[in-house]
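Enquirer: Protein chains in written order, with our numbering: chain A, 4 to 416; chain B, 4 to 416; chain C, 4 to 416; chain D, 4 to 416.
Idealized CB from N, CA, C, for every residue including glycine.
Number of protein chains: 4
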Amino acid sequence: MPVPAGDLHTPISPQGQALHDLLTEQLPAIEAGAAGHDRDQSFPADVFARFAESGVLGATVPAELGGLGVERLHDVALALLRIGAADASTALALHVQYSRGLTLTYEWRHGTPAAKALAERVLRGMGSGAIAVCGAVKDHHTTVTRMTPGEDGGWHLTGRKTLVSMAPVATHFFVYAQYEQDGRPMLAAPLVSRDAPGLTVLDTWEGMGMRASGTSDIVLDDCPVAADDILLRNPAGTAGDAALAGQTVSSITLLGLYVGLAQAARDLAVATFTRRRGTPSAATRTMLAEIDARLYAARSCAVAALANTEQVASEIVDDPAERGRRMMTPFQSAKLMINRLTLELVNDCVTAVGGAAYSDSHPLARIYRDVRAGWFMQPYTYSDGVDYLSGQALRLPQDNDYMTIRAARPSAA
Amino acid sequence: MPVPAGDLHTPISPQGQALHDLLTEQLPAIEAGAAGHDRDQSFPADVFARFAESGVLGATVPAELGGLGVERLHDVALALLRIGAADASTALALHVQYSRGLTLTYEWRHGTPAAKALAERVLRGMGSGAIAVCGAVKDHHTTVTRMTPGEDGGWHLTGRKTLVSMAPVATHFFVYAQYEQDGRPMLAAPLVSRDAPGLTVLDTWEGMGMRASGTSDIVLDDCPVAADDILLRNPAGTAGDAALAGQTVSSITLLGLYVGLAQAARDLAVATFTRRRGTPSAATRTMLAEIDARLYAARSCAVAALANTEQVASEIVDDPAERGRRMMTPFQSAKLMINRLTLELVNDCVTAVGGAAYSDSHPLARIYRDVRAGWFMQPYTYSDGVDYLSGQALRLPQDNDYMTIRAARPSAA
Amino acid sequence: MPVPAGDLHTPISPQGQALHDLLTEQLPAIEAGAAGHDRDQSFPADVFARFAESGVLGATVPAELGGLGVERLHDVALALLRIGAADASTALALHVQYSRGLTLTYEWRHGTPAAKALAERVLRGMGSGAIAVCGAVKDHHTTVTRMTPGEDGGWHLTGRKTLVSMAPVATHFFVYAQYEQDGRPMLAAPLVSRDAPGLTVLDTWEGMGMRASGTSDIVLDDCPVAADDILLRNPAGTAGDAALAGQTVSSITLLGLYVGLAQAARDLAVATFTRRRGTPSAATRTMLAEIDARLYAARSCAVAALANTEQVASEIVDDPAERGRRMMTPFQSAKLMINRLTLELVNDCVTAVGGAAYSDSHPLARIYRDVRAGWFMQPYTYSDGVDYLSGQALRLPQDNDYMTIRAARPSAA
Amino acid sequence: MPVPAGDLHTPISPQGQALHDLLTEQLPAIEAGAAGHDRDQSFPADVFARFAESGVLGATVPAELGGLGVERLHDVALALLRIGAADASTALALHVQYSRGLTLTYEWRHGTPAAKALAERVLRGMGSGAIAVCGAVKDHHTTVTRMTPGEDGGWHLTGRKTLVSMAPVATHFFVYAQYEQDGRPMLAAPLVSRDAPGLTVLDTWEGMGMRASGTSDIVLDDCPVAADDILLRNPAGTAGDAALAGQTVSSITLLGLYVGLAQAARDLAVATFTRRRGTPSAATRTMLAEIDARLYAARSCAVAALANTEQVASEIVDDPAERGRRMMTPFQSAKLMINRLTLELVNDCVTAVGGAAYSDSHPLARIYRDVRAGWFMQPYTYSDGVDYLSGQALRLPQDNDYMTIRAARPSAA
């Protein structure tokens, strides 16, 4: 399953090429709107309307179910790179949908009959542009979201989720919740429609960056959920490292977004000095060389991790825990380096361009704020990534599931 | 003229102590208002009213002229450090006034009779809290501000200045301008009252950080200036390295502000982990140690550069160019290191604290935006600092006056 | 011509696999001898005897001419990685032969009839293990090596070359020299046998690292050269960027060597902590995670640059200067990053392992000394790399041929 | 007890000035011999003979006891800086004697009568140049050095010590040992003469750097020790943070040595480019500016920590544990930063100077090897320093005594 090494410039599948061509048309409008949406902290709903109508929104849905059938992680990451270079917020929101497409496709192919049926239903909606579905994973710090049995095999859902991107245009939410079975805590992901009674989308986001990503809180107050709208997960805390496989596929394409931010920053810096007359200063030349070397490294790491991960996913690996770790490890090495390299790169671009970049409306100022977000995206934050990678190097027995880690981690009051 | 090395915690003069005590009372209010002014991009006029009334605003005015007589650079920097830790924008705006106090005191003591008289007049007003005077140094990129002779020995001033901090409460502006004498371009700094005909303060600032610093543009449209309201400067381009002495004194106390930002970031990070239960992660411990080491280094560099500069200023140095370089060099070594160390430190604090710090209203998010400003403050930006320091190391003949450099530097169209 | 991205673990051609298998047998002996040869500054002649006899020495010679036919840069770099992890000096010396194999193969396929004939003759000798041929490129700082016409169309060669690795076992040398034609300086690469009259190999090397690489000076005193033992080059200074293609192919596989050093350092550090009892310290865990992330990035950059370069080499590019730049640019981005990442990585390994690593006989001490060599290897040193990359980013017209640059560069007296 | 901030150029006491003047005479010979002693791994016995005869060797002995009476840490560090710039190995060996002078002076002033008597005896010998006394602190990994009671109140000492610098010219050794009292492990520091029966100095050192420091192992085989030749220490593991005071004074002046290495590297790099013709490259200018900024920071940190430590030492602090921590913390912040800054600086100097610096006889190659030693010197290594500083920031209860930490730390087999 080889890809052109070092290259995150061109798609490697025909489906990826089709998406690439659609984006080529749409990118200018996305880029043109970025500054305004950042300033106003408004969601680019028009962009997503065009995504829905053109098929971009359902790109990771299998062709049989009406999507573009883009399944190669490389091609998904490349799309996020290009959109991220134009507007990182848009790429972050779209990633929510893309990630869901990839993981639901896995359910559709390998899940239980119930999971298959639900996945197919949602994927068909995504493929037609009718469904935009968020993952509502992280509980608000004040609560744990729980499901309790209702009548007719249905359930009721109560709690609050935070950091749900793309919420302004979402039609549905997969809400990670706990329920109890025989006194044992179980995990599930019920699907809730935006117009479900008891569901409220709060416009609470005030991020330093990624301001146009439509990141919101979702409040659930005794929301009814039908029995066949639920993906069952493992009992709480039992997944072990097997869960790392899905977590890797869900998040690794975001590496493209980070590289996109770096690419945009680099291009802005180079354009500034190409436009200026006269000899660039010694520090400028040194920074430009370092910038291009870092961008090359970030891109190379991303390509490598995407390929390594897909390679493992395509092999037969007997031990699912081993499979999970073999997918997560290259991802985390790449993520740690890319987070660092792109932060340094963006800082050098800001330094090189000078005071003009300090205006909040300068695209470099937006990138300076946006680029920090990558360090907090799961899996893993920097601190958790250090624990994961050093634990792998030393073969330490430890829990690597970020949801469990997060639960155990003391948090700021 | 020794100071306690490594210490930027306590004042070294009685006058500095007096200022220190005044600030101790006022800091809580400054800190309490910082988030709001940052959010609204509003100037803390109430804080400056209290500064004026309590004597803080005229602290660097000699006691004989009604000020607190704080003349030790260490004590001025310490004040900016403490205010900067509470709200960097406030410290930046106040620095404008403090810097003017220091340089006008020099004029009052060593200037021509005309300069002395003007300096005394302004200093008395600053000492009583009646005058708040900005330096309007940097021309807007669209124009060069010029003075032309009027009637009665007066002049007329036309142009546009940018990056003028503290403008919302300024009563006067020293406007750097060119005029012609015998066909030769000369430099001058006329004093213009805020209510002078033709002067307009524009509220154009939209910085990524330092949002509450009241940084504005000043438009001058044929503004009348009286003959005795002008500080004459050298013919354009002739000052040479002698000018570095005044530029150092004008700006070196800002090192305190940068250290203050770092101190605040460090304290926030430590407080977060003190509050959290449980063992801090490996990466957290490593970052906290690095943070404290960097803060110590930044503080040590600042103290050293302040003392080195004062030392040279107090000595008899025959060659004024040599004197200028001997004052500027430690300042620039310290500035380059402090800019870098504090940026790294703030980033580590953000990383350690995690996603919470990414909320735009979190004080670390404000510091993350504010701390970048130091890299652009003159003298010198990073690129110019590299040219200056390497030129000194290699004893290259070169122009070190940042105003001339800037004029010669190609700028973005 | 795709390769598995991110992977510099397995060969991608059957020929590369054959070499890989041969090395698997020979690596233990190389590793076992490394410390002793480093201590004594002695050349591992036994290792090279085994290389010659087993076919390793002629690996990059086409199979038709008796070699293993390893032509994929990836596979050559992988071999140097594995040998470099065992003993960097051995890899550096072997690279001399491998590089010659690759470039002579190009001459054999695309050169003039005279060049083809000479290349074939040398390649056959290399393939059988009878010829080990050094490139003697860099003039000693005291002289310029020159060729003058002799009788019968032959030439005489006089001068001195430095930094010639693998010299202790070399049977021949390609000596870069100048001659004059119609008053114009021309470049040529005459082949000189080790037993040629007038040729002396000096044992002058006293490197801080790479001590077993057999790096020597070659003195040439009126050495006779036959007419058909000469590869003609461009007139001096006329090659332009077209020359970058050959320079890239000659040197890019050294990226494998650098990564090998990093891999060895990492494995030593991990082994130390795996062996120690007890919980690793916070700093150790942080460093181990960073070490693995850096190693991943270094490896990814190397794979990417090798693939990008081969890709361009395999395409039809109309403008040879453009082709040269498109091959050199990824190489230089990767080299700059890999030089930096591996230096940081090795330093972290030394820090983590602690005082034990400071013993000169500890393999990490050897690696600490060896790893610095990469920064000076052409093309380019760090300073020249900065000029090259920033010049490419800004499309500056400049001379990129390191031989010309070096000639023009002022050197230490 | 103020010192000129930012200055580690001039002595601050008359005694320091006297030492400074003596060194000014002797430094050229030290510098001239450095390369040879490094190459041959030989101890500069002639330099130490001259030290003994001129009073340099006893500089930290009180004047009343025949020494120069240099007691200011700043002046001791400055001496080590200057010697370290000429030859770091010599400075490291001399530090052994200086450190002993400072701590014995403390015993002489504040110790028990028995300790006073012993301290006076040794100090008088040091003052006259008759005694050169090493601290033999670290046990060889194979053993624990122990004292057992002999006849007449005397003791017998058996064990092996490692990393004892200045051993070739030592006349005596303070050997840290354990003994048992009422079944409880106690610590003591018996003084053993070089010609004591059972004592052997092994010439085992093979450091990557600091090769001329005479660092040796000491084997003790039932060595007799008289009762009044013993400094009693705390019961093992009971000293707590009070011990940090003495550990700080013992080691903090080594900061001067590290800065000296950086100064020497910087001067070599600048001299190289001053000597070369032509314009320095962009990367060279950038590195030279960073080098000077880092040197300034390293020097500032050293001055600050020396002054902070002396300040606390001179104050009345009720809680000896608090006193110990207040002395150690600035030292450790400074050490961590100086270790890092000087390593980066030396690397940039090597990069800037280029291939010439890779010759093992180039002074930069020696500095590159020497500078790494600072990271392993106690207290603390980098890992322990991270634990210490982060523990202080978070006020974690933990053992900060490096001897206990080291004992508890798992070590490589």
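Could you pull out every residue in the same chain whose Cβ sits closer than 7 Å to the Cβ of residue 153(C), ignoring the five residues on either side in sequence?
Expert: Taking the third sequence and counting its residues from 1, one reaches residue 153(C) at position 150. Excluding residues within five positions, the ones whose Cβ falls inside 7 Å are 159 and 227.
Enquirer: According to DSSP, simplified to helix, strand and coil, what is residue 283(A)?
Expert: On the first sequence, residue 283(A) is found 280 positions in, with the first residue counted as 1. In the structure shown, residue 283(A) sits in coil (DSSP, three-state: anything other than H, G, I, E or B).
Enquirer: On a Cα-Cα basis, can you pick out the residue from 330(A), 370(A) and 375(A) that is closest to residue 350(B)?
Expert: The residue you call residue 350(B) lines up with position 347 of the second sequence. When only C-alpha atoms are compared, the closest one is 375(A).
Enquirer: Any contact between the segment 60-69 of chain B and the segment 223-243 of chain B? By contact I mean 3 or more CB pairs, one from each, below 8 Å.
Expert: no
Enquirer: If I'm right that residue 305(C) touches residue 259(C) with Cβ under 8 Å, what's the distance once you round it to whole angstroms?
Expert: As a first step, residue 305(C) must be located in the third sequence, where it is residue number 302. As a first step, residue 259(C) must be located in the third sequence, where it is residue number 256. Indeed, because the Cβ distance is near 6 Å, the residues count as touching under 8 Å.
Enquirer: Listed from N- to C-terminal order along the chain, which residues in the segment 261-293 of chain C have their beta-carbon within a distance smaller than 7 Å of any beta-carbon of chain B?
Expert: 285, 286, 288 and 289
Enquirer: Return helix, strand or coil for residue 396(B), following the three-state DSSP convention.
Expert: Against the second sequence, residue 396(B) aligns to sequence position 393. Residue state, collapsed to three classes: helix.
Enquirer: Between which two residues does the beta strand (DSSP E) harbouring residue 159(C) extend?
Expert: Position 156 of the third sequence, counting from 1, holds the residue named residue 159(C). Unbroken beta strand (DSSP E) run through residue 159(C): 158-167.
Enquirer: For the segment 292-319 of chain D, enumerate the residues whose C-beta is nearer than 9 Å to any C-beta of chain B, in chain order.
Expert: Of all residues in the segment 292-319 of chain D, the ones placed with a Cβ closer than 9 Å to any Cβ belonging to chain B are 292, 293, 294, 295, 296, 297, 298, 299, 300, 301, 302, 303, 304, 305, 306, 307, 308, 309, 310, 311 and 314, in chain order.
Enquirer: Are residue 149(C) and residue 182(C) closer than 8 Å when you measure CB to CB?
Expert: Counted from its first residue, the third sequence places residue 149(C) at position 146. Counted from its first residue, the third sequence places residue 182(C) at position 179. Contact flag set, yes.
Enquirer: Report the rounded CA-to-CA distance for residue 80(C) versus residue 255(C), giving the unit in angstroms.
Expert: Counting from one through the third sequence, the residue named residue 80(C) turns up at place 77. Counting from one through the third sequence, the residue named residue 255(C) turns up at place 252. The alpha-carbon separation between residue 80(C) and residue 255(C) amounts to approximately 8 Å.
Enquirer: With a CB to CB cut of under 7 Å and the five nearest residues on each side skipped, what residues in its chain are close to residue 344(A)?
Expert: The residue you call residue 344(A) lines up with position 341 of the first sequence. Residues of the same chain with a CB within less than 7 Å of the CB of residue 344(A), apart from the 5 flanking positions on each side, are 297, 300 and 301 in chain order.
Enquirer: Can you tell me whether residue 147(B) is buried or exposed? The criterion is at least 16 other CB atoms within 10 Å of its CB, across all chains shown.
Expert: In the second sequence, the residue the question calls residue 147(B) occupies position 144. Burial call: exposed.
Enquirer: Does the CB of residue 392(B) have a neighbour CB from chain A at under 8 Å?
Expert: Position 389 of the second sequence, counted from the start, is the residue given in the question as residue 392(B). It does not: the Cβ of residue 392(B) has no partner Cβ on chain A nearer than 8 Å.
Enquirer: In chain B, which residues lie with their C-beta within 8 Å of the C-beta of residue 403(A)?
Expert: Counting from one through the first sequence, the residue named residue 403(A) turns up at place 400. By Cβ distance, chain B contributes nothing, its closest Cβ being about 14 Å from residue 403(A), past 8 Å.
Enquirer: I need the DSSP call for residue 92(C), collapsed to helix, strand or coil.
Expert: As a first step, residue 92(C) must be located in the third sequence, where it is residue number 89. Looking at residue 92(C) - three-state DSSP - the assignment turns out to be helix.
Enquirer: What separation, rounded to the nearest whole angstrom, lies between the Cα atoms of residue 46(C) and residue 131(C)?
Expert: Reading the third sequence from its first residue, position 43 is the one you call residue 46(C). Reading the third sequence from its first residue, position 128 is the one you call residue 131(C). C-alpha separation (whole angstroms): 22 Å.
Enquirer: Please return the same chain residues whose Cβ sits closer than 6 Å to the Cβ of residue 25(A), not counting the five positions on each side in sequence.
Expert: Walking along the first sequence from the start, residue 25(A) turns up at place 22. Excluding five sequence positions before and after residue 25(A), the CB atoms of its chain that fall closer than 6 Å to its own CB belong to 57 and 59, given in chain order.
Enquirer: Return the CA-CA distance between residue 383(C) and residue 325(C), expressed in angstroms with no decimal places.
Expert: As a first step, residue 383(C) is located in the third sequence; it is residue number 380 there, counting from the start. As a first step, residue 325(C) is located in the third sequence; it is residue number 322 there, counting from the start. The alpha-carbon atoms of residue 383(C) and residue 325(C) are separated by roughly 18 Å.
Enquirer: Considering only their Cβ atoms, is the gap separating residue 202(A) from residue 234(A) smaller than 8 Å?
Expert: Within the first sequence, numbered from 1, the residue matching residue 234(A) stands at position 231. Within the first sequence, numbered from 1, the residue matching residue 202(A) stands at position 199. Result no, Cβ atoms of residue 234(A) and residue 202(A) do not sit closer than 8 Å.
Enquirer: Note down, in chain order, all residues in the segment 341-356 of chain B with a beta-carbon under 8 Å from any beta-carbon belonging to chain A.
Expert: 346, 350, 353, 354, 355 and 356
Enquirer: In three-state DSSP terms, what is residue 182(A)?
Expert: Stepping through the first sequence from its first residue, residue 182(A) is reached at position 179. If DSSP states are grouped into helix, strand and coil, residue 182(A) belongs with the strands.
Enquirer: Give the interface partners of residue 336(A) over in chain C, defined as CB-CB distance under 7 Å, in chain order.
Expert: On the first sequence, position 333 is the one that residue 336(A) refers to. Result: 295, 296 and 299.
Enquirer: Mind listing, in chain order, the continuous beta strand (DSSP E) runs of no fewer than 3 residues lying wholly within the segment 107-156 of chain A?
Expert: 136-139 and 149-152
Enquirer: Does the beta-carbon of residue 113(B) have 16 or more other beta-carbons within 10 angstroms, so that it is buried, or is it exposed?
Expert: Taking the first residue of the second sequence as position 1, residue 113(B) is located at position 110. Under this definition residue 113(B) is an exposed residue.
Enquirer: Which residues in the same chain have their Cβ closer than 8 Å to the Cβ of residue 48(D), if we skip the five residues on either side of it in sequence?
Expert: As a first step, residue 48(D) must be located in the fourth sequence, where it is residue number 45. The answer, listed in chain order, is 171 and 172.
Enquirer: Just how far apart, CA to CA, sit residue 291(C) and residue 389(A)?
Expert: Looking up residue 291(C) in the third sequence gives position 288. Looking up residue 389(A) in the first sequence gives position 386. Cα to Cα, the separation comes out at about 8 Å.
Enquirer: List the residues of chain A whose Cβ lies closer than 9 Å to the Cβ of residue 398(B), in chain order.
Expert: Against the second sequence, residue 398(B) aligns to sequence position 395. Going along chain A, no residue has its Cβ under 9 Å from residue 398(B), so there is no contact; the nearest lies around 16 Å.
Enquirer: To which residues of the same chain is residue 239(C) closer than 6 Å at the C-beta, ignoring the five residues directly before and after it?
Expert: Along the third sequence, one-based indexing puts residue 239(C) at 236. Cβ within range, chain order: 188 and 190.
Enquirer: How big is the Cα-Cα spacing for residue 401(A) and residue 287(B)?
Expert: For the purposes of this step, residue 401(A) is taken as the residue at position 398 of the first sequence. For the purposes of this step, residue 287(B) is taken as the residue at position 284 of the second sequence. Near 18 Å, if we compare the C-alpha coordinates of residue 287(B) and residue 401(A).
Enquirer: Count Cβ pairs between the segment 365-380 of chain B and the segment 392-401 of chain A that sit closer than 8 Å; are there 3 or more?
Expert: A contact is defined here as three or more CB-CB pairs under 8 Å, and the segment 365-380 of chain B fails this definition with respect to the segment 392-401 of chain A.
Enquirer: Using a C-beta to C-beta distance shorter than 7 Å, which residues of chain B count as neighbours of residue 358(A)?
Expert: As a position in the first sequence, residue 358(A) is number 355, starting the count at 1. The answer, in chain order, is 379.
Enquirer: Is DSSP giving residue 234(A) helix, strand or coil here?
Expert: Here residue 234(A) corresponds to residue number 231 of the first sequence, with the count starting at 1. Correct three-state label for residue 234(A): strand.
Enquirer: Which chain D residues are close to residue 39(C), counting only those with a beta carbon under 7 Å from its beta carbon?
Expert: Residue numbering aside, residue 39(C) sits at position 36 when the third sequence is read from its first letter. Result: empty, since nearest Cβ-Cβ is about 14 Å, beyond 7 Å.
Enquirer: How is the beta strand (DSSP E) around residue 228(A) delimited, first residue to last?
Expert: As a first step, residue 228(A) is located in the first sequence; it is residue number 225 there, counting from the start. Residue 228(A) -> beta strand (DSSP E) spans 219-228.
Enquirer: Is residue 23(B) helix, strand or coil when you go by DSSP?
Expert: Sequence index remark: in the second sequence, residue 23(B) carries index 20 (1-based). Looking at residue 23(B) - three-state DSSP - the assignment turns out to be helix.
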